[in-house]
Each structure stands twice: as C-alpha cells, then as structure tokens.
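First comes the structure, then the notes that go with it.
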Amino acid sequence: MRSYATGIATPLRTALLAGAAGFAITAPTAAFAQDEDGPELGADTDSNVIIVTASKREQTLQETPISVSVTTGETLENAQIRDVLDLQTVTPSLRVSQLQTSSASTFIIRGFGNGDNNFGIEPSVGVFIDGVFRSRSAAALSDLPNVQRIEVLNGPQSTLFGKNASAGVISVVTREPQFEFGGSVEAVYGNYDTIVLKGDVTGPISDTLAFSIDGSYQRRDGYGEIVNLNEDINDRNRWSARGQLLLEPNSDLKVRAIVDYSKIDEVCCSVGTLIAGPAAGAIVGLGGQFSPPSDFFERESFLNIVPTNEVDNYGGSVQVDYSTGPLSFTSITAYRELENFFQSDIDFSSVDNSTEVRDQKVETFTQEFRVASDFDGPVNFLLGAFYFDESISQQSQLQNGTQIRDFFELLAGADPVAVLTGQPSLFNQVEAGLGLPQESIFTTALLSDENFGFDNEAWSIFGTIDFEPVDGLVFTVGGNYTDDKKDFALSQTSFDPLANVNLVDAFIVGGIAQALAIPPSQVTPAVINGFATDPNTAPFFQGIAAAAQDPAQNSLLALQPFQFIPPFLGVPNAVEDGRTRDDKFTYLLRASYQISPEINVYASYATGFKASSINLSRDSRPINTDFIAGPGNSTILAPPSPILNAGLAVPNLVSGSRFAGPEETEVYEIGLKAQFEGIGFNLALFDQAIEGFQSFAFTGTGFALRNAGKQSVKGFEFDATVNPVDGLVYTFAVTYLDPLFDSFPGSVLGDLTGVRPAGIPEFSIATSLTYTHEWDSGTRLISRVDYNHESNTAINNGLPTFGPNNFTREVNLVNTSLTLALNNGFEVGAYARNLFDDEYILTIFDGVAQNGTVLGYPNQPRTYGGVVRYKF
Numbered sequence: 053m054r055s056y057a058t059g060i061a062t063p064l065r066t067a068l069l070a071g072a073a074g075f076a077i078t079a080p081t082a083a084f085a086q087d088e089d090g091p092e093l094g095a096d097t098d099s100n101v102i103i104v105t106a107s108k109r110e111q112t113l114q115e116t117p118i119s120v121s122v123t124t125g126e127t128l129e130n131a132q133i134r135d136v137l138d139l140q141t142v143t144p145s146l147r148v149s150q151l152q153t154s155s156a157s158t159f160i161i162r163g164f165g166n167g168d169n170n171f172g173i174e175p176s177v178g179v180f181i182d183g184v185f186r187s188r189s190a191a192a193l194s195d196l197p198n199v200q201r202i203e204v205l206n207g208p209q210s211t212l213f214g215k216n217a218s219a220g221v222i223s224v225v226t227r228e229p230q231f232e233f234g235g236s237v238e239a240v241y242g243n244y245d246t247i248v249l250k251g252d253v254t255g256p257i258s259d260t261l262a263f264s265i266d267g268s269y270q271r272r273d274g275y276g277e278i279v280n281l282n283e284d285i286n287d288r289n290r291w292s293a294r295g296q297l298l299l300e301p302n303s304d305l306k307v308r309a310i311v312d313y314s315k316i317d318e319v320c321c322s323v324g325t326l327i328a329g330p331a332a333g334a335i336v337g338l339g340g341q342f343s344p345p346s347d348f349f350e351r352e353s354f355l356n357i358v359p360t361n362e363v364d365n366y367g368g369s370v371q372v373d374y375s376t377g378p379l380s381f382t383s384i385t386a387y388r389e390l391e392n393f394f395q396s397d398i399d400f401s402s403v404d405n406s407t408e409v410r411d412q413k414v415e416t417f418t419q420e421f422r423v424a425s426d427f428d429g430p431v432n433f434l435l436g437a438f439y440f441d442e443s444i445s446q447q448s449q450l451q452n453g454t455q456i457r458d459f460f461e462l463l464a465g466a467d468p469v470a471v472l473t474g475q476p477s478l479f480n481q482v483e484a485g486l487g488l489p490q491e492s493i494f495t496t497a498l499l500s501d502e503n504f505g506f507d508n509e510a511w512s513i514f515g516t517i518d519f520e521p522v523d524g525l526v527f528t529v530g531g532n533y534t535d536d537k538k539d540f541a542l543s544q545t546s547f548d549p550l551a552n553v554n555l556v557d558a559f560i561v562g563g564i565a566q567a568l569a570i571p572p573s574q575v576t577p578a579v580i581n582g583f584a585t586d587p588n589t590a591p592f593f594q595g596i597a598a599a600a601q602d603p604a605q606n607s608l609l610a611l612q613p614f615q616f617i618p619p620f621l622g623v624p625n626a627v628e629d630g631r632t633r634d635d636k637f638t639y640l641l642r643a644s645y646q647i648s649p650e651i652n653v654y655a656s657y658a659t660g661f662k663a664s665s666i667n668l669s670r671d672s673r674p675i676n677t678d679f680i681a682g683p684g685n686s687t688i689l690a691p692p693s694p695i696l697n698a699g700l701a702v703p704n705l706v707s708g709s710r711f712a713g714p715e716e717t718e719v720y721e722i723g724l725k726a727q728f729e730g731i732g733f734n735l736a737l738f739d740q741a742i743e744g745f746q747s748f749a750f751t752g753t754g755f756a757l758r759n760a761g762k763q764s765v766k767g768f769e770f771d772a773t774v775n776p777v778d779g780l781v782y783t784f785a786v787t788y789l790d791p792l793f794d795s796f797p798g799s800v801l802g803d804l805t806g807v808r809p810a811g812i813p814e815f816s817i818a819t820s821l822t823y824t825h826e827w828d829s830g831t832r833l834i835s836r837v838d839y840n841h842e843s844n845t846a847i848n849n850g851l852p853t854f855g856p857n858n859f860t861r862e863v864n865l866v867n868t869s870l871t872l873a874l875n876n877g878f879e880v881g882a883y884a885r886n887l888f889d890d891e892y893i894l895t896i897f898d899g900v901a902q903n904g905t906v907l908g909y910p911n912q913p914r915t916y917g918g919v920v921r922y923k924f
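Residue numbers (this note's numbering): 53 to 924.
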C-alpha cells in the first residue's frame, strides 16, 4: 500500500535517506513529466511535487539538497538521445568527448574529468547503471532502451556511493519488470541510412515473479569518408540485449536479477588536418594524401587501413532489498567483463607508415551492502560497505608500415631521388656508422610490443547521519573511508635498432675507443668508469663528454627526433615494486532548511577522493627520485640514482610517471530549491577544488600522466521549469564556470600555475520548449525543440609539440522532434539533431611524429529521421 508523508520535515528526511539508498531525485525539469510516466516511475503528481517510491520509499524530489539534474525516459525518447554521449545536450554541467575510438570517451562535470584512452586511469566521474559501477567509459556506452531516468550528480559523492568519484556521478536507472503485461517496439529510419530497432516486453510469470526482456540494434553509414579506400568512417553498428527477473514474495522483500550483453563493431573516428606541417611534404613526396585544412568539415580522411573498434561488454547483477520495521537493507552483487580491441592508422594519411593495435580485457567484481533507517525520531542514518576487485590485461603493438623508412628518410633531409629509387641513403650511412645491419632502421615488423597487467582491490565504509532537531531543519554528517590497492606489471620490447642507441653515449664510447685504440665493443662500463676517473685521462673524458653534447661536433644528435619508442624498463624491478597503496577518509557536512513547503535551502562542505592511477602505456617512466637521465638522455653522464646504481638503466631512459597520485576534492556549496504552482527553479553556487588532479595529455608520440598541484573552479548552476498553461513546458538551465590552475608547475606545457584551464566553457546553456496538445480522445501531439550552447573557449592551453595556438570551440546545437501519440498506443514522429548543422572542433592534437602538424576531430553533422513506436 502506498502512503504519503505530510508536513515539512518528514518528506525531507525521507528524501535524504531514500536518495542515499536508491537515488530517485531530479531537477524541476522532471516535475512536469507526462502523466503516462507516473506508473512507470512510481510517481504521483500534483501541481507542485512528484513523489517517487523508488526502493519502496517515498521522497519529495524538490526537497533533496543536492545539485543534480535528471533526464527522464520520455525526454530521451522524444529527443532521440540514444547514449550518454548525447546526454550533454540537455545537461549543461556535463561534457562527454569521444575521440580516437568508439570506446575512448571522457565524462567531465564542472570542468573535471579524465580517463579516456588509458585503462589505468580511474575516471573522476563515476558511472553507475542500476547501482552497479562501470569502471571504464567503454562499459557505459550501451544503448539501454528501457531507461527510466539518468541522474547527473555534481561534485564528490563519497558518502552515497561506495566507489569514490571525485568530480561527480552519472547514475542510469532503468525500469524494473512489471507485474502487468506490457512493452513497446520502436523503429527509426534516418539519414546516413540510420536504422534503429528497439523493443521491450515485461509481465508476470507468477504472482510473485515478473520478467522483462529488452534489446536494441543500431546501424548507420558513416558520416565521414576514407576517400582513398572508398569506405565510410564514423558509422554505427551496435546492439544490446538484457533480461531481468523481479521476485517479490512479500511486501518486505524484493530481489532483482539482471544480465546484459552489448556489442560495438564500428569504424571510428574521423580526423582532419588543421595545420599541415613540414611532414606534409614527405607525405606528398611518397605519393600519399591527407585531408587538407580547407576541407576539415568535409570529414574526409586518407588512411592506409580501415580502422576497427570492437567492444564486448557483458555481465550481471543481483540486488536484494529487505525491509523490517524502520530498517531497510540493500545488497548489490555484480560481475562484469569488458573486451576492447582496436586498430588504427595513427599517422592519418594514406602513406603506409604505422598502425596501432590494442587488445584489452577488464574483469570487475563489486559488492555493496547498505542499511538505512526511517525512524520517527530526530535521528536517522545510512550505513554502507563497498568492495571492488578488478583485473586488467592489455597488449599493444605499433606496427611499422612499408613506407615508414622512406618517410623518415625524407624528413631527415635525404635525397628524394635516392629514396624513391631505393638507392643507399641517409639511414644506410647511419647504420654503417653505428655498426648496425644495413636496412635495419624502421624495417622491423613491429616498432614496439607491450604487455600490461593491472589488479585493483579496494573497499570502503560509508554513511550519513541526519539530525532533525525541529521540523524542516536537518543537519547531515557523512563519511567514507576507502582503502585502495593497485599492483601492476608492465613490459615492452622496442624493436627498432636506432631507438636502442643513445647518441650521446655512442659518441662517448667511440671517443674512448679511439683514445685507447681499442674496438668500441671493448668499451665496457668498467673501462668508461676508469677512463673518467683516472687523473691522467679524466680531462680527455670531460672533453669527449662536452663534444658529445654539441650538435656541431656530434652529428648523431640530429637523429634524436627519430628515436620515438626507446627501450622500456619493465615493472616490477629491483627498485620499483609496481604497487600503489592509498587510503583516505572523506566527509560531508550539510545543513538544510525547508523554509516553507515550496522553498528549501542548504549549505554543504564536502571532500572527495580518487586513488592513484597507473599509466598503462609505453610512456610509463620511473619517477625522478628513482632515476634522472643525463644530458641527451645519456646513461653514462646520468647522476647516481637507485635505478642506475642497480644496473637497470636502459638506453634513452628518462624519468616521468609510472602513476599519478590520488586526487583529493574539496567543495563548498550553497543552494536554493523552490517549487511553486507552474514554476520551479534550483540554484547552486559552488567553489570546488581538486588537489593532485590527474592530467593525461598526448605529447605527439605518447601520453604523459601528471598530477596538477591544484585545479579549482568557482561557479553556479541554475535551472528552471515553467508550466504557464496546460501542455506547455519551458526549461532553462545554465552553468557558469571560472576554472583556474592554482598550481601546475609540472605540466607537459611547462608551468601553468595561474592559467585558466582550456576546454572549459565559461557558460553552458541547455533550454527546451515542449508543447503537448491532447484531444478528448486521449491522442496527443508532442512537439519539442531544445538548444544547447557552450560559449567560445580555447580548446587547449597549447600543444606539447606545436606549442601555443588559437583554436577555439563554440557550440550552438538545435534539436527538435514532433510525435503524434495515438490513444491506441501507436506513435509516429520525426526528429532532427543539430538541425542547423553547426560545425565545431571537438579537440586538437599534435600530428603523430609530425612536428608542426595539428590534427583534430570534427563534430557530428545534422542527423534526422522518422520514428514509429507502439506501446502495449
């Protein structure tokens, strides 16, 4: 039986506890949902409030003192939002970027986010689907056709989710099986031969057992073209299926079991040239092509292979909810696997230079327990425990193409005629000088072969206590203690012989060999040490060392730009144990007061935490306390260090980061929530900072993982819903962000302290107008238009190779839909996304091994189509 709390204090207390236990909270945009969503959401509406009975608890959504926005299932349907990538168009505090592959996505809230393209980096924004943590963004991209709502919670949420998320949470809530038979089918056809098929069915098996099955299929031709291969790029080819059982033997016990599988097999992603550097001449000289800067938004690519990306994502979970008196217990057990494979042409030209292959597998087990109270007295609590166990395996390869040697010969200044006619040229001279086999540089099948293993075990205890001394006034204290352990093993083989030679050391060895009149092969470390320390020869050594660092005397130094993938020091080793151990207590202090049934205010102070992340890439380097390279990455001239002293140093070893230390978040926030007849609004003002923000940047041939000293953002979030007349709903949401690198002296771009972080728009706006005309028969005509704006902002703070640049991004997207919903369950409609074909650059990056070249990703063009749907 459903009962509704009355008065001011009781709904607020219930909202706090139920929100912590199950999260059915929303911004005012959901307060005027269509009536048909009522039974699906478990909600009753009057003119002011929605009450949701999620997890058999009632809560008033407007009174929940958390900065949160919600997109309802109906909005997802009408706006044809098919996955989390499109969610940002209706949620201004959220940004989602998809870059190199279909699976490389980053979720960003209030300007904070990381984790793309490196499975060793925990995302700062946690994604939960039906209470289950999806540890990598590739596991959160499925098209779930039965979504009830998607909640975006801003700021750290450590006291409500066992797995810490330092920047925010995206929580996807799907519909439970129903004890009344029903379902829906949907078909979409649009431009680029888009086909979407979705369906679900639910109903009873017995009086206590219900089921649901849903699935979806998407295919679309690519909106880009690989011109020289006559193939599409940026296509869609994915499907998903899910089955559920819901057991309710009595009113106190509920068991929900879910199994799901999703598959992605796509060609992604379209890259265009923004600046063609000196390497463009070498590409043309070899008969190759690349997309010219003038045609960036033509989305035409020139590649030597068709890139592939295959993602298999599957798993299952069991949630048990049990209530006894004023206490409710919840257990969520889940196991998931993710397999991700891609192959890409990384030079983005038709020249056969190099391709990258990456094969990854993630296995994750999670267990969460919660107990929550609902006492009549002034004190209530939530207490939870969370366990996380994950293992990751990854094999990566860089494969040499048939033209890579010729390409680099031309860049090195070799005679083009000699190169194109196959005559001995520059690299042949280098090979002779260094004693390497002829035709060996850049001719191995592989440039590198990498194997990474990673295990992460973590547990946490979290909870909140609410104290309500008088009706309407609630003080909340919350805490989370997390213990996190990571163990990793990394190894790599660099096959190119040139990369295995340090050019400073080679000159020194040659000089000593000449001075001692012995072959270079006999210049051992002992001989070098003796030559350098013997008073009779030390002055000669100092002269040789000085000459080795002088390009005018050591012509070999000109070859350093071609040593892309030097040898790798594997982990663990005698100095580095391949482990991180982190633990942290974070907490929440909040006071909220319901001034009247219509107005609620709150103020909070919260801290958050994210454990160390591991650089699972060929650019994983020892930290500078373990090793410091000498001039020109010399080992001979390197100062003493643990790795050098242990005899572990390999040629061209440099220091960097094996891992980045933890992120620690601090946020001050005050908010106002109001709901009146026909109008509601929320306002949140915040000052949020992350100490040690884990910055991950592409450097032209690899990736650098760094901790920023401190990155902060001040701003506000405002959203409003106006319902001036029956059927007409206007929503408006705006986010203002003022970010700053308070301290970041060690970035790959130098000292960024005091600089505004790029890529974070000052203003983001999401607004919509929906009008529903309903006839007496019950047939409805639903028209919707929404607008998404991001103010003009610099895309980045500069590029590691190219340097400062003036590329900016401004977003102005208009989406619209029209749906005729007949009273017999049939619906027909049409939609358009990016109606006016707005063009903007998603991001830019240095050309791979092409100094002076800048490449970028264009946005998705206009898409449109028709929809047929039947609900029964």
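Here a beta-carbon is modelled for each residue, glycine too, at the ideal position from N, C-alpha and C.
**Request:** Would you decide whether Pro618 is buried or exposed? Buried here means 16 or more other CB atoms lie within 10 Å of its CB.
**Result:** buried
**Prompt:** Measuring CB to CB, does Glu461 end up less than 7 Å from Ser477?
**Reply:** yes
**Item:** Spatial distance of Asn100 from Glu203 (CA atoms)
**Value:** Per-residue confidence for Asn100 stands at a pLDDT of 37, beneath the threshold of 50, marking its modelled position as unreliable; the derived number appears in the next sentence. Looking at the two C-alpha atoms, the distance is approximately 20 Å.
**Asked** Do the stretch 276 to 290 and the stretch 317 to 337 make contact, defined as three or more Cβ pairs closer than 8 Å?
**Response** yes
**Request:** Pull up the DSSP beta-bridge partners for Ser747, would you.
**Result:** Arg758
**Asked** Contact check, Ile731 vs Val774 under 8 Å by CB: the rounded distance?
**Response** 5 Å
**Request:** With DSSP as the reference, please indicate the residues paired to Ser869 in a beta bridge.
**Result:** Arg836 and Tyr883
**Request:** Below 7 Å CB to CB, which residues in the same chain sit around Phe84 once its five sequence neighbours on both sides are set aside?
**Result:** The predicted model places Phe84 with a pLDDT of 35, which falls under 50 and marks its position as unreliable; any figure quoted below should be read in that light. Excluding positions up to five away in sequence, the list reads Thr773, Asn775 and Val781.
**Asked** Alpha carbon to alpha carbon, how far is Asn911 from Glu814?
**Response** 20 Å
**Request:** Could you work out which residue in Arg914, Lys250 and Val863 is closest to Arg885 when comparing CA atoms only?
**Result:** Arg914
**Asked** Taking Cβ to Cβ, would you say Glu420 is nearer than 7 Å to Asn508?
**Response** no
**Request:** Starting from the N-terminal side, write out each stretch of the beta strand (DSSP E) that is 3 residues or longer and does not extend beyond the stretch 680 to 750.
**Result:** 715 to 728, 731 to 743 and 746 to 750
**Item:** Whole-angstrom C-beta distance between Val431 and Ile517, which should lie under 8 Å
**Value:** 7 Å
**Length of the line joining the Cα atoms of Gln605 and Asn480** = 20 Å
**Message:** I need the DSSP call for Ala604, collapsed to helix, strand or coil.
**Reply:** coil
**Request:** Report yes if the C-beta of Phe745 is less than 6 Å from at least one heavy atom of the ligand SAM; otherwise report no.
**Result:** Inclusion of the ligand SAM in the displayed structure is not the case, the ligand content being empty and no account of it being possible.
**Item:** Residue span of the alpha helix (DSSP H) that contains Gly276, given as start and end
**Value:** No alpha helix (DSSP H) contains Gly276, which is instead part of the beta strand (DSSP E) from Gly276 to Ile278.
**Prompt:** Does DSSP put Val403 in a helix, in a strand, or in coil?
**Reply:** coil
**Item:** Spatial distance of Thr158 from Thr677 (CA atoms)
**Value:** 31 Å
**Asked** Are at least three pairs of beta-carbons, each pair with one atom in the stretch 592 to 609 and one in the stretch 539 to 547, less than 8 Å apart?
**Response** no
**Prompt:** Taking the runs of the beta strand (DSSP E) that are 3 residues or longer, which of them lie wholly in the stretch 238 to 279?
**Reply:** 246 to 256, 261 to 272 and 276 to 278
**Item:** Helix, strand or coil at Asn875 [DSSP, three-state]
**Value:** coil
**Message:** Please give me, in chain order, every unbroken run of the beta strand (DSSP E) with length at least 3 that falls completely inside the stretch 310 to 368.
**Reply:** 324 to 327
**Item:** Bridge partner(s) assigned by DSSP for Asn392
**Value:** Val363 and Gln412
**Request:** Output the distance between the C-alpha atoms of Phe770 and Leu641, rounded to the nearest integer angstrom.
**Result:** 22 Å
**As assigned by DSSP and simplified to three states, the class of Gln447** = strand
**Request:** Determine the direct distance from the alpha carbon of Pro359 to that of Val469, and round the result to whole angstroms.
**Result:** 32 Å
**Neighbour-count burial assignment, Tyr241, 16 or more Cβ in a 10 Å radius** = exposed
**Prompt:** From Arg633 to Ile680, what distance separates their C-alpha atoms?
**Reply:** 24 Å
**Asked** Who are Pro791's beta bridge partners in DSSP?
**Response** Val765
**Message:** On the DSSP letters alone, give me the boundaries of the alpha helix (DSSP H) that Ala655 sits inside.
**Reply:** Looking at the DSSP string, Ala655 is not in any alpha helix (DSSP H); the run it does join, the beta strand (DSSP E), is Ile651 to Lys662.
**Message:** Quick check on DSSP: helix, strand or coil for Ser189?
**Reply:** helix
**Asked** So what's Leu472 in DSSP terms, helix, strand or just coil?
**Response** helix
**Message:** By DSSP's criteria, Leu498 is part of a beta bridge. Which residues make up the other side?
**Reply:** Gln451
**Item:** Asn243 and Tyr916 closer than 7 Å at C-beta
**Value:** yes
**Item:** Sequence-distant residues of its chain with Cβ nearer than 8 Å to Thr495 (five each side left out)
**Value:** Asn452 and Arg457
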